[in-house]
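**Student:** Residue numbering for the sequence shown follows full-length UniProt numbering, beginning at 1 and increasing consecutively.
The structure under discussion is supplied below as structure tokens; questions concerning it will follow.
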Amino acid sequence: MLSVLSYGRLVARAVLGGLSQTDGHDYSLVTASYGFGKDFRKGILKKGMCYGDDACFIARNKSADVLGVADGVGGWRDYGVDPSQFSATLMRTCERLVKEGRFTPSNPVGILTSGYYELLQNKVPLLGSSTACIVVLDRRSHQLHTCNLGDSGFLVVRGGEVVHRSDEQQHYFNTPFQLSIAPPGAEGVVLSDSPEAADSSSFDVQLGDIILTATDGLFDNMPDYMILQELKKLKTTNYDSVLQTAQSIAKQAHDLAYDPNYMSPFAQFACDNGLNVRGGKPDDITVLLSIVAEYTD
1 MLSVLSYGRL VARAVLGGLS QTDGHDYSLV TASYGFGKDF RKGILKKGMC YGDDACFIAR
61 NKSADVLGVA DGVGGWRDYG VDPSQFSATL MRTCERLVKE GRFTPSNPVG ILTSGYYELL
121 QNKVPLLGSS TACIVVLDRR SHQLHTCNLG DSGFLVVRGG EVVHRSDEQQ HYFNTPFQLS
181 IAPPGAEGVV LSDSPEAADS SSFDVQLGDI ILTATDGLFD NMPDYMILQE LKKLKTTNYD
241 SVLQTAQSIA KQAHDLAYDP NYMSPFAQFA CDNGLNVRGG KPDDITVLLS IVAEYTD
């Protein structure tokens, strides 16, 4: 099972690499999602666009296209808490805020902050932790506004090269920044970061730019050069092509995650921190692949 979301009639006027800025036209995103839960059930989606403990959303407002990914912290399972509930609820809340127009495109941190504080005020207790990354395309200004808390993230590819990418936030090895809700009395014990601590950025995008937003299950198993190699397969902004490429990237990351002889980026990072680790990193994998295209009603 897979999930594809494409909004409006988004038309490509040229193949990638030959596209140029077109002043006066609104931009939009052609987006496809694909992923795996680490329980080997290929592409299994839970309610609310979740792959395992990962969650994501793709939303559209009259002024912007908004994407989000979140990775529930699996350690909560040891305390009888389903880690996917926190990440899924956070993403659903952020999605609703966008659809209701309760956000400013230039302030994705505001979306994350509002979503998180709604969870804190929920009458039904919700325990858990999650990383989060939100990407907003302001259609009129052609600017991409981003925020990233933890080790999920995004990269922007133009002309076959990475021109922008998120900065990973770690307290220490394998312990990323995260939003948390702790049981009463344990607030000072559970690691929790403020949404305002998210790394944010804003920059112009061009027609044909590729935006890859994903959880760490991708980035821990595929270095940039492998991702770029897969992105070369993407020849048009047709959403079927975007889907096929997203699927190919997710599948390769999934295969590498279970290769015991592969020196993954995660294993290399572990070795850099004095640990004797080799192989891929079995994990949930969520990939949102987007291309900037001209917007039409």
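Yeah, the Cβ is synthetic: ideal placement off N, Cα and C, and Gly gets one too.
Given the structure is predicted, the values throughout are model-derived calculations rather than measurements.
1. Tell me whether D284 is buried or exposed, calling it buried when 16 or more other Cβ atoms sit within 10 Å of its Cβ.
2. With 16 other CB atoms within 10 Å as the buried threshold, where does L120 fall?
3. Let me check understanding here. Comparing Cα to Cα, which of T93, T31, V81 lies closest to G128?
4. Using the beta-carbon count (16 or more within 10 Å), is S166 buried or exposed?
5. Taking 8 Å as the cut-off, decide whether the C-beta atoms of P195 and L212 are in contact.
6. On a CA-only basis, which of S200, L155, D240 is nearest residue 322? Give me that one, please.
7. Who does C94 pair with in a DSSP beta bridge?
8. So the candidates are T286, Y295, A293; which of them puts its Cα closest to the Cα of D54?
9. Return the Cβ separation of A250 and G72 in integer angstroms, given the expectation that the two are a contact with Cβ distance under 8 Å.
10. Which one of L126, M49, M91 has the shortest CA to CA distance from S114?
11. My guess is that A132 and A70 are in contact by the Cβ rule of under 8 Å, so how many angstroms apart are they, rounded?
12. If the criterion is Cβ atoms closer than 8 Å, does the pair E173 and A257 meet it?
13. Taking buried to mean at least 16 other C-beta atoms within 10 Å of its own C-beta, is residue 300 buried or exposed?
14. Taking the alpha-carbon positions, what's the L126 to I181 distance?
**Tutor:** Quick look at the numbers:
1. In this structure D284 is buried. Its beta-carbon is surrounded by 16 or more other beta-carbon atoms within 10 angstroms.
2. Flag for L120 reads exposed.
3. Among T93, T31, V81, the Cα nearest to that of G128 is on V81.
4. Flag for S166 reads buried.
5. In this structure, L212 does not lie closer than 8 Å to P195 by Cβ.
6. Nothing about residue 322 can be read from this structure; the chain reaches only from 1 to 297.
7. The partner list for C94 (beta bridge, DSSP) is empty, contrary to what the question assumes.
8. Nearest of T286, Y295, A293 to D54, Cα basis: T286.
9. Not really, about 18 Å apart at Cβ, beyond 8 Å.
10. Of the listed residues, the one whose Cα sits closest to S114 is M91.
11. With a Cβ gap of about 5 Å, A132 and A70 count as contacting.
12. Checking the sequence, you will find Phe at residue 173 rather than Glu. For F173 and A257, no; Cβs fall outside 8 Å.
13. Past the boundaries of the shown model lies residue 300; the chain is included only from 1 to 297, so the question cannot be answered.
14. Distance between the alpha carbons of L126 and I181: 7 Å.
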